[in-house]
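Residue numbers (our numbering), protein chains in the order written: chain A, 3 to 157; chain B, 24 to 201.
Cβ coordinates follow ideal geometry from the N, Cα and C atoms, glycine included.
As the structure is a prediction and not an experimental result, all values here were calculated from the model.
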Amino acid sequence: MATLLKVATRTLRGTFWQTRSLTTTTPLSIKEIHEKRESNALVYEGVDVVSPRLDKMLKPACDSTFCPECTLGLDIKHTDVLILSQYVRSDGCMLPRRITKLCHRQQKKMGTLVTMAQKAGLMPNLAPSWSKKDPKMRFGWRKFNKYFLESTIKY
Amino acid sequence: MSIAKRVQQWATFARTWHIYDCTWQNPFESASLVKTHLMGLHKPIYHPMNDCGDHVVLINTKEIALPGDEWVKRVYFHHTGYPGGASWTLAWQLHEKDPTMVMKKAVYNSMAGNLQRRHTMQRLHLFHDDQVPQDILANVTNQIRTPRTVPQRLDHIDKETLENFPAIMDYPKDYVLR
């Protein structure tokens, strides 16, 4: 029954995808949304861009299945902001598994590490626009320095 | 006594001054380290009756770090002695009132409660920032190594490092950058 359902949804998704492929611009290219104001009309434009990470990709990461811990054997801490920031959008949201291509356990772990880094105030520039950005300006006890132990991550 | 032996005698019993930067350090981990130098436990001539402790200057005590939510879980108790005179202060509230107090109490509580403790504490010099008087700083000859490395903030990393750092994840082809 479960497989039947899966097949049914797959075909449904297939038809949906086919309708999506009728686009006026080229599909399959990374886009950036630009906001422009032209004489009291706000224009949103999807501009094709080359991936900013294209020429500095690590070689093992170009394989289809890549996890920093499983493939490279890296022991990532919450202070490794240069790695963690790659899995985060510019407003500080964790990217979904569909985009990060991590295994289930690694995705959960990375999400926790990102949260730890954000709470410790190590990635204040990747935050929502309404954020005060400076960790020292936080309310109450949150303005003081804190760190986290990776041994407290459950999975 | 020869000149060499006399100098060795001075060097052995002279009080050394150590400096310790508390930035991003756990005060309770640091306390055991500071206590060792303060009491002279690191010296081969140590004896409880031998007054061989050193001076320790603690700087940047305002920048100490506690793990997880310990700022709200750790409570300092005080009793005035009158009925109903008990009070409980959270660690972050105490740190807000006096940025040196959490560190000072950590060192004080790490030592055994004997008559020497108050005198040993006199050799501890606490500063909430890095502004140390010149007459204290002039004595310092050693820096105590800190157990934790200070984490680097992403917005403080220079642009060159950011650009040259290898990427381990590329966006899929249908991704909308934001």
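| Item | Value |
| --- | --- |
| Could you list which residues in chain A have their beta carbon closer than 8 angstroms to that of B:L1, in chain order? | Only positions 24 to 201 of chain B appear in this structure, which leaves residue 1 of chain B out of reach. |
| For B:T184, which of helix, strand or coil comes out of DSSP? | helix |
| How many whole angstroms separate the CB atoms of B:K85 and B:H151, which I take to be in contact at a CB cut-off of 8 angstroms? | 4 angstroms |
| Comparing alpha-carbon positions, which option in B:I26, B:K28, B:Y194 and B:M24 lies nearest A:R91? | B:Y194 |
| The beta strand (DSSP E) spanning A:R39 covers which residue range? | K33 to R39 |
| State the DSSP-derived secondary structure class of B:P90, mapped to helix, strand or coil. | strand |
| Over what stretch of residues does the alpha helix (DSSP H) that includes B:A129 continue unbroken? | M124 to S133 |
| Looking at A:M125 and A:G113, is the spacing between their C-beta atoms short of 7 angstroms? | no |
| Between A:K138 and A:K145, is the Cβ-Cβ spacing less than 7 angstroms? | yes |
| Have a look at the DSSP bridge pairing and note the partners of B:H65. | Paired residues: none, contrary to the question. |
| Return the first residue and the last residue of the beta strand (DSSP E) that A:K148 is part of. | N147 to Y149 |
| Taking B:P90 as the query, report the chain A residues whose CB atoms sit under 8 angstroms from its CB, ordered along the chain. | K148, Y149, F150 and L151 |
| Taking B:A161 as the reference, which of B:C45, B:V79 and B:P71 has the closest Cα? | B:V79 |
| Under 7 angstroms between the Cβ atoms of A:N127 and B:D77? | no |
| With the cut-off set at 7 angstroms, would you say A:K79 and B:P189 are in Cβ contact? | no |
| Give me the chain A residues within the contact set of B:L160, using Cβ-Cβ distance strictly less than 9 angstroms, ordered along the chain. | Residues of chain A passing the Cβ test: none, with the nearest at roughly 24 angstroms. |
| Given B:H60, which residues of its chain have a CB within under 7 angstroms of its CB, disregarding the five upstream and five downstream residues? | H41, D77, V79 and I167 |
| Per the DSSP calculation, B:A190 is bridged to which residue(s)? | A:M59 |
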